[in-house]
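Written out below as structure tokens is the structure these notes cover.
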Amino acid sequence: MGKIIVEFPHKYIAKGYLGEIWRPYALCEMKVKGRDDVWAPITMIVDTGADYTLLPFIYADVLGIDLVKDCTAEKTFGIGGKETVYLYKGLDIKIANCRKTVPVGFLKKTDVPPLLGRLGFLETIKVVFHNRATVFEV
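Shown next as structure tokens:
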């Protein structure tokens, strides 16, 4: 068993026909490009189904990323249909004392929540969903 670095309670979303929905959120910090010790706090959904971390495009400005100059544009397909995603190779992210450099995609949409994905982060640590909480272990 690993060492627990942080635990986040799930947030109640709604009760519907299938039952109560509780969503796994985590408070992350992302380093602002070109600023030595400036980190932007972002609450993200812990999404083990997301290949990589994905943010709405408004965060690109907050993080100092120029979508045209700093990113590579690619088409992506998902439940919401076909979109252009702007891929950035190496953004520093930390949760508690766990810091990694991860690839991030930016969508030119505002209705998609920030998603913490597998590539470079979730696949490198132990993540446990238990009793309506998300536990990160190293």
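First residue of the sequence shown: 887, per our numbering; consecutive thereafter.
For glycine and all other residues, C-beta sits at the position ideal for the given N, C-alpha and C.
Please read these numbers as outputs of a predicted model, since none were measured by experiment.
Strictly by DSSP, which residues pair up with residue i?
i, result
"Lys917", "Trp925"
"Leu977", "Val988"
"Leu1001", "Ile931, Leu940"
When we look at the beta-carbon of residue i and count the other beta-carbons within 10 Å, is it buried (16 or more) or exposed?
i, result
"Pro895", "exposed"
"Ala900", "exposed"
"Leu1002", "buried"
"Phe1007", "buried"
"Asp947", "exposed"
"Ala912", "buried"
What is the DSSP secondary structure of residue i, counted as helix, strand or coil?
i, result
"Thr996", "coil"
Three or more C-beta pairs below 8 Å linking the segment 975-992 and the segment 1017-1024: yes
Give a yes or no on contact between the segment 990-1003 and the segment 935-943, applying the rule of three or more CB pairs nearer than 8 Å. They touch, by the three-pair rule.
Runs of alpha helix (DSSP H) wholly within the segment 931-967 (minimum 4 residues, chain order): 944-948
How do the segment 946-959 and the segment 914-923 stand: do at least 3 beta-carbon pairs fall below 8 Å, yes or no? yes
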